[in-house]
Structure formats: C-alpha cells, structure tokens
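This report concerns only the one structure given below.
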Amino acid sequence: MSVAHARALLAKGAVRVEPYAPHREAAALCAMAGWARRFSPIVATDPPDGLLLDITGCQRLFGGERRLVDTVAEAVERLGFRTRAALASTFGCARAVARFGRHERSVVPAGAESEVLAGLPVEALRLDEGTAGALFEVGIERIGHVFGLPRAELAERFGADLLRRLDQATGEVAEAIDPLHVVDLPSVARTLAGPTTRLETIMLVVRELVSELAQQLQQRESGARRIDLELELVPSRCSGWRPLRPAGFTPARPYQSECAAGGRYGALETELGRVSSAPVRRTVLLSRPSRDCKHLWSLLRPKVESAHLGFGVERVVLAAPRIGRLRHEQVEQWLTGSGDCRLDRDFGELLDTLSGRLGSDRVTRVEPAETHIPERAFLHRPAGETARRQVSPARVTGADRPSLLLARPEPIEAMALTPDGPPSWLRWRGCEHTIVASFGPERVGCEWWKGRSDEATLRRSDEGRTRDYFKVQDERGRWLWVYRTRGSPGATSRWFVHGEWG
Amino acid sequence: MRPHPWVERGHEVLPSSLRRFVAPSLSSYTDLQVRSNFTFLTGASHPEELVCQAAALGHRAAAITDTNSLAGIVRGHLAAKEAGIPFVVGCQLALRCGAEAESRGSPVTHPSCLSVLVYPTDLASYGRLCRLLTLGKRRAPKGECHLVLHDLIEHSDGLLGIVVGPAVLDQAFIDLLLGLRRVFDDDRLSLASSCLYGPDDAGRLEQLASLGAHVGIPLVATNDVHYHVPQRRPLQDVLTCIRLGCTLEEAGMHLYPHAERASKPPEEMARLFWAYPRAIARSVEIAERASAFSLDEVRYQYPDEVCPPGRTPMQHLVDLTWRGAKERYPNGVPPKVRAQIEHEFRLIDELSYAPYFLTVHDLVTFARSREILCQGRGAAANSAVCYCLGVTAVDPDRIDLLFERFISRERNEPPDIDIDFEHERREEVIQYIYGKYGRDRAALVAEVITYRGRSAVREVGKALGLSLDCVDRLAKDIDWWRNGVGDPARLRAMGLDPDDPTIGRLIALSNEILGFPRHLSQHVGGFVIARTPLCELVPIENAAMPDRTMIEWDKDDVDAMAMLKVDVLGLGMLTCVRKAFDLMKGQRDKSLSPSVPQSLSLHTIPPEDPAVYDMICAADTIGVFQIESRAQMTMLPRLRPRCFYDLVIEVAIVRPGPIQGNMVHPYLRRRNGEEPVSYPSEDVKRVLGKTLGVPLFQEQAMALAIVAAGFTPDEADQLRRAMAAWKRKGNQIDRFGRRLVSGMVDRGYPREFAERCFKQIQGFSEYGFPESHAASFALLVYVSAWLKRHHPAAFAAALINSQPMGFYAPAQIVRDAQEHGVEVRPVDVNFSGWECSLERECLRLGLRIVKGLRKEDAEAVAGAVARCGRFSSLEALRRASGVRVSCLRRLASADAFGSMGLDRQQALWHVRALRDEQLPIFAPRGPEGRQDKAGLAARKAAEEGQGAPGGAPAYRPVDLPAVSEPQKVIHDYSSLSLSLKAHPISFIRPRLDGRGVTPAAELKDAGRWPHGARVAVAGIVLVRQRPATASGIIFITLEDETGIANLIVRPRVYERCRRAARHGVVVLACGWVERQGEVVHVMVRHIEDLEREMAALTVPSRDFH
C-alpha cells in the first residue's frame, strides 16, 4: 500500500509518515535480548520481534515454569511492550505457540508438543514463504494436516526443510540457538571509599580512570571518539542505601536510552523504596580518535570542574561508547618524521580543545556553496563534523572575486556617466574616491525562488534586485567591488560597496 | 546575386497589428543563435513566440537554431510567414572533439565539445544538413546525436557556419579555426561573440576580435537566446532543473545568473556592440545569405513504383477505380455515384494526388492478400473512389458525401487516410511498408510529447523542491487538466496553503509549461513515404522500439510541408471479427453449423436484420463495438435504432461533444415526437433533415455554413479547423463565428437560430465525429451485433481471444454468453488450445486466460495433445510437451487437469513431485544412462506405464484437507479471473438476504420496484466511470450472481463514502430506484465495503488469535 493510498483511505491528518528504519528495530531487539539476560544466561534474538530464552534450570529460581513465564511477560510489559510468551520443551514449539497459540501466556507440558502443534497454522513452523504458499495451494493450512501425510511424499514435494522444522518443533531433532554475545566497550569505574565532595579527590580519580581507559584502548588498537563521564551521587535524603541497578546494566550500553532513560526506570526504583539523585553525566566528543591521556584529561577536566557534586560523589564511571581504530605508533626520539600525521593529530586536538571551551557550534570551517549570489557562495559548518560527502564538489564561479567581502553591502554615493556604466566618483565611509579604471558590468540576478512573493512580483522579481557589479580602481590604487541595483524602469538605482581586493 | 526575400516583402507586408511594434530602427540586427523549446528542457519559448518576438522587435529576420535538431523549424517557418519576416533555417551542432570522445561515447555536454551554428543557403545544402543529422542520430541511442568535426567537414558544402568559442581561447582552438576556414571558403565562416553581462565582457570581446583578425574570420554578434522575453527566466531555470533531475536549491551554477538570454531589440544590441558595429552588420549579412533558402522550396514527391510502367498514375487509378466499382455495384454503378467519382477524378487529377491513392490501395491489397481485415476510417469515407478501391467499406450511396472535407483545392494539404487493421497483425503491414520502400524512404511520423497537467505539476513541483509525497498528491487529486488550475478551496482541502509563495509559483509555472514539448515519440501509425531519400527532406532518428525509425516532424508539420502520410492503425474489434469469422468457417467446414453464410466479410453480412436491431434496442450489447459502454447502453432503449443510419447517429451522439453542446435531448425529443421538427428554410432542411434539424456531424456544420451563411467549401473547411483548434486559438473561432452568424442573419435566418447553431457547432468541435467516421464505425457496430445475435459462442470466443480490448473482462463476456444459452466449458489441458475454441455449439475456454502462462508453453501442451492424443498422467504430458514444471503448476492452479481425474488440489499435489529435466548443456557427459538419480527415478516411474497416452487415470487420490466451495471459487478467480462454478456473491447471499439486499435481476420488475422505491443491492464492482461531462457523478456497475445493477453516485455521497466508493471491490449500495423507460439505475445514498464478509469466506477456519 502506498502512502497516498493510505491517505486516501483514512481521514485527513490521521496518517503520520515515518521512514522505516530496520537497523533501529534490530538494535532495539538486541538491547532487549541483553536486558533479558537477567532471566537466563542463554538468550537469542528471533527477528524481527521475538526473543528465545533457554531457561533450562532457571525455572527454580523463579518458582516454577508458570511463574517464570508470568514474571518474564510482566517485566516486558512493564517496559511498555505487548507480550506473548510460551514455554515448551523445544524452541520450535515454544515459538509457534507464542506466536500463533490461543493464549497470551502458555506453558506446553512435556510430551504434548504434537498435540498442541496440530491445531496451529503451518506458518508457525518457520517455513520460507514459498513452502508455506505451496502448502496452502494444496489446501494444507494446519500442522495437523501435515502429520497425516506420508513423510517421503512430503519431502519430495516440499523439500527436506519442512520435515526438519517439523521434527525440531516436536523434539525429534535437537535444535541449538545462537545466543547473544555481549561485546564490552571500554569502560572503567571506581567506587569511592565514602561519599566525597572534595574536587581534588574526584579529579585524581578521574585522572586515574583516564589512564586506565587509555590502556584499555591501547589494547584494542583504538582511540575514543566519544567519552561519557558519570558521577553517581549520594541520594539527597541520605539513607545509606546504594542504588541497586538491574544486573547487566552499564550506563554506556546503547539500549540504555531506549529502555531505561524514561520514567520506567524511576518507577522500578520507587518500588524498591529508595530515593536517588540523578547521576551527573558529561559527554565529550572528539574530532579524531584519540587515547592520549593528556589530551583526554584536558577535555574532561573542565567538565569535572563545572559539575555540581550535590551531597557527595560515591562512584565514578568512565566509558568510551564510540571508538575508532588507531594503530600503535612507534615512539619517536626525534620529532621530525611523519610530520603530516602529527600535524593532523595536533590540529585535531586543537579543534577538540576549542570546541570544548567555546562550544562546538562556535568553531567552524568554511565550505563553498553553489550559487551566483556572492554573499551566499560559502557556508560555515561546525569544525568537528566530518565533511558531508558530496556527489560532486561544489563548483565555484571562475570570475574574479575580492579578497575581502563585506558581511553586509554598504550603501554609497556614486556618480556614473552612463545609465549602466561604471561610477566615475564615489563616496564611501566619508572618503571620496575618484575612479580611474573599471571592469564590468557583471550582472547577477536574484534567486527568484527564495522568499515570499506573489505572482506579480514573481514576474517582476528579476528587475527588483538584479545587481550590476563593477571592479573599480580609485586614484590611490585601491580596487573596490561596487554594484548598482537595477530598479524597475524609472526608479533610481542605488550603489553599494561589497568588497575590496587587498 | 538575386534579390533577397525582404527586398520584395519589406516591412510593408507586416500585418497592421504588428506594425506599431516596429520602431524606425537606426540599426538592424538578427538573432542567429536561438534555442526554442525543441532543444528539449533548455529553451523556454515556443518557436512561434520567438519568431513573433523577433518580428515585433524589428529584427531583419528570425532564426531557429536548436541543438542537433530541425524539429521546430516548420513551426518557425509558418509563424514567420504569418508575421511577414524572412525565416532562417539553422541548427546548432554539438560536435564531439578528439578520439577519446568518439571511442568512449561520452555525453554530448562533454567539456571539449565544440559548438558550430550552421545555416543552409540552398536546397542542396539543406539536404546535406538533414543527411548529416540523420547520420548522427542513427548511430546514437534515441534522443542523442553523435557527430564529430569530420562529419561536419564532409557535409559542409553550401552551409554557412558560426563557431561558438570555448571559455578558454587556446592554441588548439586557433588551429581548429584555421582548419575550418579552409573548409568554409567563400567567406562562409564567422566567429560568435556575445555580450551577456559576464564578469568581463569587454575583455572577452577584445580577445575574440583580435583572434578573429589574426585568423581572418569576422566576428558576428549573437545573444544565445533561450527565451523570447526576460520573464521566462524562472521557467528556463525550472527546465534546467528538470533536465538535471535536481531542485533549484541544488542546481547552483548550472543555472544562468540573470535573465539576459532573451531576445533584445536591435538598438540594445547596437549599444552593447558599440565598439564592433561590423559584428552587428555581419549578423544581417549572414541572415540575408541564409534566408535565400526557404522551406517552401522543399518539394515532397510521391513514390512512383505503385504504377505500372508506361501508364500515368492517374490512368492507373481510373482503371482500378472502375474495376472496383464493378465489383461493388454488380448491378451497375448508380448515376449519383458515377457523377461523384467523375467529380473526384477531376480534383485528384488537378492536385495530382493519384499516386497517394495508389499507395493506399497497395497497402489494402497487401492486407487482403494476407487476409488481414482492414477498413478506412475518418474523412476517407467521404470518397467514392476510396470505396471503389476497397479502402473504405461504407457505401457512399448510404450517406451524404462532402468530398471537400477530404480533399480541398485551396488547402494545398494532402488528403489524410487512416486505415484500421487488426491490432494483432498491424506489425505485418508496417514491416511490409519498410520492406517495400526501404528505411531511407519510409519512416514513422513523430509525435511531440508535451507537458500535460499531471506531468507539468509533477516535474515543476520536484524542481521547486516540494516533497515527492506532496507532489504526488497534487498531481493525482487535482483534475488540473479540465478545471481551473489551482482552485484555492481544493488546495486547502488537500492541506496546502494557497497563499504560500511556493504553491503560487508552482501554479504559475505549471500553467506556463503546459504544452511544452518534452521529447519526441513515434506516432501510433503515421507513415511518411517519399520518392527521393527521405533523409534529405528531414532528419530521421531511431525510435524507442527496435526496428523503427521516425522523422523529426509531427503530423502538423508533415501536413504543412504537404507530405504524404498514411495512418496505419490497429483496431481490436477487427481482430475480433476476423477471429469470429475464422471460427465460424471452421464450424461450417466441419458442417456443424449450416447457418453460416458462404462468404464472410464486412460488407457481405446480411444487412438490416430486424433481430439484430431488436437486440440492440434491448441494450443487450455487452461486447458489441462502441455501444457497449454504460452511457451507450442507457441511450439505446431511448433512441431505439432500427436501421443502419440510426446506428451512425447513435455512435456520433453519445460523445462528450454533442452532450456538452446540448444536442442529445433536442434530438431525443424530436425523435420521440415530443417536439415539432421545423426548419427555417428548405436549404437547411436538406442539410439537417436526416438528423431532425439538430447538427450532429462536422460535415453538417460545414454544409450549414455553405448553404446558410454563404461560405465557400474551402472556407467551411477552415471553419472546421478553427473549431478543432479553438482551445489553442480562441480568436479564430470567434472570427468565423461572427461571420457565420452574420452570414445567416443576412440571408434571413433568425438570429436566435444562428446563435444556437454556432453554439452547437462549437460544442462538438472538440470531440465530435465526422459523419464518415461514424459511418465506418457503425458498420463495425452492426457486424459485431450481428455476430453476437446469431453466433454468440463464436463471438464470445473471438472477443476473449482478442483481449485486451473493449470495456469488459473475460468474466463478463463468459457470463453474457452463458445467459445467451451458450454452454461454456472449463479450461482443460486435453481439450483447450491457446485460444478459446468451439466444440459444436459450446465454447471451450482457451489457455490464454490462465494467468502467467506463456503462449509458447500453451502451444507446446496443445501440440502434444494433438500428436499423442489425450494424456492421463502429468509426467507423460511433461515429457511429451517438454514444458517446465512451473508451467504445469500454473495449469494446475487453473484447475486444468479435470480430464485426468485430478481436481485443483490433487493436481497441485502431484505437480509438486515433478522435477524439470536438466537441460542438455548441464547433463553429465559420457556414456548414456549416466544420469542423476531424480531423472532416473522419474523415467522409471514413467516407464512403469503409469499414464501412457490414452491410458486410464493413474492417480490414487491423496487424503488432503477439504476445501470449501467459496475457496475454490476464489482460487478460480485468482488464476483465471473468472469461475464457472459459482458467483462469489452467491456465497454471502444468505447474509445479504438478512440485510434486505435485492438480487440485481429483480430490479427489472417494475411492479415490485417502482420508480423511487428504496432498494439495496450488492455485488462486485465491474466498472467505475467518471465522465468529464457528468459534473463529478460517478457511474458504478455492480455484478452479482443474477445480473448487473447500475449505480449512480453523486459527488456528495462519493465524498462521504469515499473509501468504499473509490477502492471497494465488493460493495453494498443503498438508495432508490430511478426508472427511465426500460433503463433502471440505483441512485445511491450510501455505499459500504463488503471486504470483511468476503474475507470471512476465504479464511473460515482462522479462528486463532
């Protein structure tokens, strides 16, 4: 169904269009799998929207199978998801019952797999679309129908995959799942002996953590592109309890923001009866990967200095959630070789420092933009941002442009001998200039598609603000860039200075 | 030197309306570098606009120089003639330089590309230019032209050249100029120089001047004109964006910085070039030399091989005509027709059109020899000669002839004969033409594809940077084409702000771009054939279809250049009629059906059969040519045609034109005797007598203008043309309209009558039929109706075999046949061929209705059955026919194995077990017998004799789950689009009964369902129509198991129930009955989608969730 079709079907305004981002869905599912490791150490994803847990032995911790299913389902639902859960002796059966069974939560008794499966549709068997379609074609809709047919003929017609899936579901054949492996990102933490508000202590701890982090980075042949610093504070009403966070929860995990940053995390804690202050979080972005302790510390130090420490910090966490590859470097005695590399690194460090001090939007670089209008022919972009990959580099005009362009053209008085000729005399900022030489006119029309204009001005837009530029030299040898606006016929034209050649 | 055109013409011949624009100029100048919008997506003005602007500004001549194309020059030429200034034919050649460009096939806008403007000075050099462009276009893909400098040098005799310098004037360029100067001797070469307000124009001019002086080539002033007025700059920018596929924001330096590429007055050019007056004078000099050649010199000649040696074409034509007349009128030619033929001969001879008639006759003879049905349509039916030659099939005795509608002395345009051929065999005729005349003498006419409402909005919207979604909504929902563009209320309803400047620009620019050519495409079937090589008259290029070539001019240009054009068109109904004839002949030969006449052809069908007219009057016309549409079917019971001429009127009257011109109701009233038929005079009665005083045909409008307003026949023809083009040239029709009315008033007719006539003529001019055309079509109406009445099985089979055509799908055709007592048998591999066939009086459906089945596979299966007899095993069939398993699976889905004792389910089950044999190329080499296991097993199974041809069914049924009846029908529909088992609606009938829904067939009962009664009907939506003439009313046709119900949905209801009314497949409609005589409609109050009920049928067992 196309968007236009959807709009046509629904009332006006009822359609909200968002681009589909499968990688974000996959990431969220992965995060959920990580979260689900609290119930069982072996968790696998079942894309697009399922999780498989091997709970062998875990049920006792939760008070039996029934309780385990309920616990898991309720926990997931508290996160805001609708849940269907099932427990069975085989993954195939559990998955089929969870997705196609009659109830939202069910436990299939051991040995009853075939019986339960018989009533389910064949799609429940994890078949590819072609096989399921082929079964439908001959009227086979339920798994029970398949049980009744000779196995040899089935395999001949629908492939061995059908029988394999069937056997996996009934338990004739064992099935292994590919559990989730957690990749640890560099992260270090230190719990202080007791809450402290002494800045010196905290800075000392952070410095030590930076060097530990740098070591970890070195082992991985990489450098940090982003560093998160977290200072955990003592609860405001100091009860002496330490905040208990769910197992496997480290702040730098990507799913942290997806699952816990909202109100649900707080709700969980209230239930535990404790009040906690939000930890202080500070983030540093780097323009190039780095593991230079000095540099990292110079970036982190102002962040620590400006942090509000409340009633005292009791734990410090430092993590590098974004890293980039950075090869080992040979330590050099003399600072002569590979100057470019060093220069690049130094420049990167300068950029980071400046951005850290002044704010990232204050440090910019200039990029060309394709337009005929001189003052729009370049753009300022944040320096840290990597250059936008362009299909073709912006083309710039081949014409002579002044080395100094005024931010705003300045009106001047001028006198010209002919209606569209160059000025012979002009007064700018109180000084008079007699013009002795000139080039031009170069005509630049307005960008008619910008700004508000009704149909009538669309027609006249060209005459309204078209400029005739002249490069003129005065008697003292100064080259100025001046222009005359071309008004509608009859209207007087005005003169401006727009730049100067140095 | 002989005097130049404007020495005789001068400014005195300028129309007075233009004279005030011509300033008493001190200087004279001509733009020689002018791009029209035929340099697609670059120029932003029509050739006519550029020429008129040049005339208005007082240029000494007007030139059009499109890039690598002469597509716009005929238009420019005609406009220049009208404006009274000399016209310069020219072309800007983009030459690719260097070996690299030649070998790699880089795009035309290669940076090292050299641009040369060329102008022919006489007919021979014009021919060379056309040949040069043909050369470049034939070797390039469609729409491109690959030329190198060497090609130009070879064809440069007699051409004037202007070199457009590159940005950097380097030594290579100087060498090139020196070389070119030697080729273009006799002072034929110039160097272009422009003042376009660049950074340093003065410096550039000085460089060019000193370069010119150095190499000895004079400068000429040009202005690189892209549009005729500066106000077109926004449009030009948008066109650039469309060409580059970007938005205005992204286009950047690809756009020009200002609006200076417009035509400028000579004074302005003189001022800009004040330092180089010679450059201005040079432009006039070049224009003078170039305008020595005029397109009027291009004389087209008819091919001559159609005439036997030693006889003139006219003599031959006279012979053929009288010979044909003897066949057409075995009892002697009626005197009226004889006189008509003599009259036509005089005119044909005078205008020497005889070769044209012979060419057309040759085509028709070829088609007859291959047994391809054909029939001339359109104006040709006005000619008795065409009837005698067998080109048309309508006896001139039956209708009034107005030969001037066909050929006119004053018009100096060749006659235009359109011939319809069977649509499936038209290609044979086309290839015959190519074969007979060769590719250098015959080519298709081009069709200029222009921006229409939707494409205009879409492309302009994209260039302005609107989101694709928004552009789509605008383009789809607004009926830009007919209604006022950009109605604020409708914009607001779509959630757009009409005051938004971007929307304002979109509307303004979309309006401006309407009618702009976008690219050239081939005309559906218009052929130009010449005696001399065509590529010296006009450039020829490759069409998008393989093996097709076409010229650069469209049909108007071809008309203006007086070139022969034959329209070879395809018509589905002719295919259908021929197939029906073939089926009937087959029946007759097997002496199964004695009622079939001995000679079957369009003009030997028994005429004026009352049974046929009875059927037509009852609106029982599904499948009949032209009168099967909803509008026609509601009109039939009111018009009650009883003779051939009634059919002619029927075809002509139910058209948008007559409906808009408000002619239908007066005619109906008069025919039913509700209104007196009166004529203002005897003359008018003669003209309008047969249509009861209402002008219905173009011929009548012309005849009326002649007898009542004193027009000459040729003036009357101009009136017709003005009418046909009145949307484009509104003023002309008014001029003729005033003359018509005043002429009639002068001759004593009441003004009111005159005004009414004019209104009606104006109304149908756009969509009206000429009588001759209606007559040609009416003949097909009669023939198809006769077939339907007397041979319904053959007709239904032929209709399905000619799909896609007409209004109705096979499902409705089959159903209609069943209602007429034809037994329809299902598709079956053992009985069906590719096409539907007849088994005695029964219709056997063909394999062509099976979805996704290829014709070759179907024929392989049918061939195997023909060779080996009936099959009883799938494997045997597979091996005998050699088709792939996927094909058998399609057949199984179509339930085509019934004769093997397999229903759909069982057949699919068994087909699943089959495997394709490996193709020989992959089979293991070595001693025979070493084959893979699967192949061996299959072979063994086959050899064990389970199902040799002719044996008993060998399948033991497999225990598969039962499939419900509705499910089977749904499967039938998804594979065949029809079901012989039951109608889907019948399954939900019990539920519908519960909701008080009436079967469609019961609506006919006037006693139970009187006018105004409340009623509800349900069914499958067959057709949705929204005629432009019905002010937003939607007509929906519903089908249930009993018959058809016609719904009328008014816009208010449509808006309210939009979802069901617009997208519903199975719907329930409530409303009240509207009766008009025998015609019953349901005026809908509410529509509801029955999708759920139908879905419940297909998945009755899905109770989980």
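As you go down the protein sequences, you meet chains A and B in turn. Numbering-wise (our numbering), the first sequence opens with residue 1 and increments by one. Numbering-wise (our numbering), the second sequence opens with residue 503 and increments by one. A virtual CB, placed ideally from N, CA and C, is assigned to each residue, including glycine. All figures in this text were calculated on a predicted structure; none of them were measured in a lab.
Span of the beta strand (DSSP E) holding residue i?
i	result
residue 1621(B)	Residue 1621(B) cannot be examined here, being either before or after the span of chain B that is shown, 503 to 1607.
residue 382(A)	378 to 382
residue 1574(B)	1568 to 1578
residue 1067(B)	1067 to 1073
residue 289(A)	280 to 290
residue 871(B)	No beta strand (DSSP E) holds residue 871(B); the alpha helix (DSSP H) holding it covers 856 to 871.
residue 1314(B)	No beta strand (DSSP E) contains residue 1314(B), which is instead part of the alpha helix (DSSP H) from 1312 to 1321.
residue 77(A)	Segment 65 to 78 is the alpha helix (DSSP H) holding residue 77(A); no beta strand (DSSP E) there.
residue 593(B)	589 to 597
I'd like the list of long-range same chain contacts for residue i, defined as Cβ closer than 6 angstroms, with 5 residues on each side in sequence excluded.
i	result
residue 516(B)	The predicted model places residue 516(B) with a pLDDT of 42, which falls under 50 and marks its position as unreliable; any figure quoted below should be read in that light. Hits under 6 angstroms: 586.
residue 764(B)	729, 731, 732
residue 1590(B)	1562, 1570
residue 42(A)	54, 179
residue 1649(B)	Residue 1649(B) lies beyond the range of chain B shown here (503 to 1607); nothing can be said about it.
Please list, in chain order, all residues of the same chain as residue i whose beta carbon is under 7 angstroms from its beta carbon, the five residues on each side excluded.
i	result
residue 993(B)	1000, 1005
residue 399(A)	442
residue 259(A)	Legend: pLDDT at residue 259(A) = 33, less than 50; position of this residue unreliable, value from coordinates given subsequently. Hits under 7 angstroms: 31, 35, 79.
residue 858(B)	804, 916, 917, 1066
residue 1320(B)	1326
residue 799(B)	625
residue 1416(B)	1376, 1377, 1380, 1387, 1390
Starting from residue i, trace the alpha helix (DSSP H) in both directions and tell me its first and last residue.
i	result
residue 934(B)	928 to 939
residue 412(A)	From DSSP, residue 412(A) is part of no alpha helix (DSSP H) but of the beta strand (DSSP E) over 404 to 416.
residue 1303(B)	1294 to 1303
residue 113(A)	113 to 118
residue 628(B)	625 to 640
residue 888(B)	886 to 891
residue 1409(B)	1406 to 1414
Could you check how far apart the C-beta atoms of residue i and residue j are, in whole angstroms? I think they sit under 8 angstroms.
i	j	result
residue 1334(B)	residue 1346(B)	6 angstroms
residue 1211(B)	residue 1246(B)	5 angstroms
residue 1039(B)	residue 802(B)	7 angstroms
Leaving out five residues on either side along the sequence, give the residues of the same chain with a beta carbon under 8 angstroms from the beta carbon of residue i.
i	result
residue 154(A)	146, 162, 163
residue 51(A)	29, 32, 33, 36, 43, 44, 45
Please identify, using Cβ separations under 7 angstroms, the residues of the segment 745 to 775 of chain B that lie next to chain A, in order along the chain. 750, 754, 755, 759, 760, 761, 762
Taking beta-carbon pairs under 7 angstroms, can you tell me which members of the segment 1459 to 1483 of chain B lie near chain A? 1461, 1462, 1463, 1465
Using a Cβ cut-off of 9 angstroms, which residues of the segment 694 to 716 of chain B contact any Cβ in chain A, in chain order? 698, 699, 700, 701, 702, 703, 704, 705
Using a Cβ cut-off of 7 angstroms, which residues of the segment 542 to 575 of chain B contact any Cβ in chain A, in chain order? none
Contained beta strand (DSSP E) runs [length at least 3] in the segment 1130 to 1215 of chain B, N- to C-terminal order: none
Curious, which full-length alpha helix (DSSP H) runs of at least 4 residues does the segment 135 to 200 of chain A contain? 143 to 147, 151 to 158, 160 to 170
Going along the segment 430 to 441 of chain A in order, which residues come within less than 9 angstroms of chain B, judged by CB to CB distance? 439, 440, 441
May I ask you to list, following chain order, the residues of the segment 398 to 416 of chain A that have a beta carbon less than 8 angstroms from some beta carbon of chain B? 398, 399, 400
Of all the residues that make up the segment 1409 to 1420 of chain B, which are near chain A by a beta-carbon distance shorter than 8 angstroms? 1410, 1411, 1414, 1415
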